[in-house]
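Protein chains: 2
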Amino acid sequence: MEKPHNSEESKSNNRQKRTREKILNLAMHVLAKKPKASLNEIAEAAEIGRATLFRYFKSRKQLIHELVVEADQKLENATKPILEQKLTARDTLEEYIKVLVPLGASFHFLSSEQIYSECSGIEDLYRNQLVRLKELSTKLREEKVVAADIPPVWIAAVLDNLIYTAWVTVSEGDIARNDAPGLVLHSFLNGLSPV
Amino acid sequence: MEKPHNSEESKSNNRQKRTREKILNLAMHVLAKKPKASLNEIAEAAEIGRATLFRYFKSRKQLIHELVVEADQKLENATKPILEQKLTARDTLEEYIKVLVPLGASFHFLSSEQIYSECSGIEDLYRNQLVRLKELSTKLREEKVVAADIPPVWIAAVLDNLIYTAWVTVSEGDIARNDAPGLVLHSFLNGLSPV
DNA sequence: CTGTAATGAGACATTATAGTATCATGTGGG
DNA sequence: CCCACATGATACTATAATGTCTCATTACAG
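Which chain is which? The protein sequence lines are A and B, in order.
Count along the first sequence starting at 1, add 4, and that's the number in our numbering.
Count along the second sequence starting at 1, add 4, and that's the number in our numbering.
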């Protein structure tokens, strides 16, 4: 075949699936850190040829589009079950953080406005994500988990940044992976001062 | 004259000074948000012609270099007096935040690794800034302003992000300028939960 | 081991951005 | 008012990135 196509789950599309995942994964990581990264750098990071990149994604625009869609799905899949459990706001927050820290790149990627300058027509996904964050923020306020005088936009922003910071420090080896969620939760609720 | 030169504070270089400041200011803002921004976009944001941009900065590289140097100086000027005052760590922190929030763009700009991929030979400035942040973090720990079990790297990262977040939300009109420093300080020390 | 599909390398074409040169216009200090 | 000088607009070149294509090589299922 010239181009990989998804004809009814055929036998040997494992390889294709693997490279595709590889590309999406590495591209996400690279672009989250350096939005200016060229396709060359992305290909290099993913350890594939530039040509292969174009076999899977016909343009930079489409690559980014798929990254955004994938990020959105990951977040959706990770967070939906939590919201449906009808936990307390505090527990929801805790679970939220636990699942989002490992997805930090996706999370921040989707929150990053830089992307939208390269790929229009995705504002909806972004909005969804923001809406969900805002909902959680509101819930946290209602159940008095966070103080009433703190603006929701601040709550959401701080949460976003703590989660992304956690992801960055973990992937740079400065913070232990298992410590990160607790650190985020504690910093978010109680700050850094001693008990 | 062809190119503006700074010969002993001459009479009419006010205009030049103004445009130069204008460019540096707006370029900083634009690039902090979108490192990929083209010189076209920067010129547009600064409301000047692209040609003028090149009259003041012979290349993109030099523009960024000057931005970094300027950011570093601003931060240096703002923070040095504070450190020399020999305040308690807690008061140092408070003053620090007060002066840094308005400089959020510069601050974050200098912290952003993205810049170094465009302009080499400035790692020193970055290091200085980091060293200073780490020093403050250590001091905060020593004086038990922050808990002893929190890694300095986490302290520094959280502080950086809170300050930048404050600056962003202020410049987007979501948070009142005068509320921001207090919000940062409180979030940093006590988190968002109610008293 | 063998044949086929996926890949990598690299030679192109195309486009976007960086950078240069020129000239008409406009502004601000004298 | 006047004129030097900064600016904006535009046309131009250079360079880097995107996107297309071909072909030899490699990996893998049978």
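No residue lacks a Cβ here, since even glycine has one placed at the ideal position from N, Cα and C.
The model shown is predicted, which means the values in this text are computed figures rather than measured ones.
Find the nearest neighbour of residue i within the set the options, judged by alpha-carbon distance.
i: D153 (chain B); options: A:S141, A:E51, A:N18, A:S197; result: A:S197
i: T92 (chain B); options: B:V150, B:S63, B:T169, B:F111; result: B:V150
i: K21 (chain A); options: A:Y60, A:K37, A:A31, A:L43; result: A:Y60
i: L140 (chain A); options: A:V188, A:Y100, A:F113; result: A:Y100
i: V162 (chain A); options: B:A160, B:L166, B:I159; result: B:L166
i: F111 (chain A); options: A:D164, A:L57, A:N132, A:E51; result: A:D164
i: W158 (chain B); options: A:S191, A:E147, A:K143, A:L79; result: A:S191
i: K65 (chain B); options: B:P155, B:Y120, B:A109, B:G186; result: B:Y120
i: L30 (chain B); options: B:R19, B:L137, B:A47, B:S42; result: B:A47
i: G108 (chain B); options: B:R19, B:L87, B:A82; result: B:A82
i: A75 (chain A); options: A:N44, A:E25, A:E51, A:F58; result: A:E25
i: V188 (chain B); options: B:P155, B:N132, B:E98; result: B:E98
i: K102 (chain B); options: B:N194, B:G195, B:G186; result: B:G186
i: T23 (chain A); options: A:A41, A:F58, A:K40; result: A:F58
i: L79 (chain B); options: B:I27, B:Q133, B:P156; result: B:Q133
i: P155 (chain A); options: B:N18, B:D183, B:P39, B:K40; result: B:D183
i: P106 (chain A); options: A:A55, A:T56, A:K143, A:Y168; result: A:Y168
i: E122 (chain B); options: B:V174, B:D178, B:H69; result: B:H69
i: L87 (chain B); options: B:L67, B:L137, B:T173, B:L43; result: B:L137
Does DSSP put residue i in a helix, in a strand, or in coil?
i: R181 (chain A); result: coil
i: N17 (chain B); result: coil
i: K26 (chain B); result: helix
i: V149 (chain A); result: coil
i: G108 (chain A); result: helix
i: F61 (chain B); result: coil
i: I52 (chain B); result: coil
i: Q89 (chain A); result: coil
i: L193 (chain A); result: helix
i: P156 (chain B); result: helix
i: V73 (chain A); result: helix
i: A170 (chain A); result: helix
i: V34 (chain A); result: helix
i: E176 (chain B); result: coil
i: I126 (chain A); result: coil
i: V135 (chain B); result: helix
i: A47 (chain A); result: helix
i: A41 (chain A); result: coil
i: S115 (chain A); result: helix
i: V188 (chain A); result: helix
i: V199 (chain A); result: coil
Can you pull the chain B residues whose beta carbon is under 8 Å from the beta carbon of residue i, in chain order?
i: S197 (chain A); result: V149, V150, A151, L193, N194
Starting from the beta carbon of residue i, find every residue of chain A whose beta carbon is closer than 7 Å, and list them in chain order.
i: L187 (chain B); result: W158
i: S121 (chain B); result: K38
Name the chain A residues whose beta carbon is nearer than 9 Å to that of residue i?
i: P39 (chain B); result: K38, P39, K40, Q118
i: I68 (chain B); result: Going along chain A, no residue has its Cβ under 9 Å from I68 (chain B), so there is no contact; the nearest lies around 12 Å.
Please list, in chain order, the chain B residues whose beta carbon lies closer than 7 Å to that of residue i.
i: N165 (chain A); result: N165, T169
i: A161 (chain A); result: T169, T173
Using 10 angstroms around the beta-carbon of residue i, count the other beta-carbons present and answer buried if the total reaches 16, otherwise exposed.
i: D128 (chain B); result: exposed
i: S115 (chain A); result: buried
i: Q77 (chain B); result: exposed
i: D95 (chain B); result: exposed
i: Q89 (chain A); result: exposed
i: R145 (chain A); result: buried
i: V34 (chain B); result: buried
i: P85 (chain B); result: exposed
i: V135 (chain B); result: exposed
i: K148 (chain A); result: exposed
i: V72 (chain A); result: buried
i: V199 (chain B); result: exposed
i: A36 (chain B); result: buried
i: G53 (chain A); result: exposed
i: K62 (chain B); result: exposed
i: N18 (chain A); result: exposed
i: G195 (chain B); result: buried
Could you tell me which chain A residues have their CB closer than 8 Å to the CB of residue i, listed as they occur along the chain?
i: I179 (chain B); result: P155, V157, W158
For the ligand COA, I want to know if residue i counts as a neighbour, meaning its beta carbon is within less than 6 Å of at least one of the ligand's heavy atoms.
i: Y100 (chain B); result: The ligand COA is not among the ligands present in this structure, which contains no ligands whatsoever.
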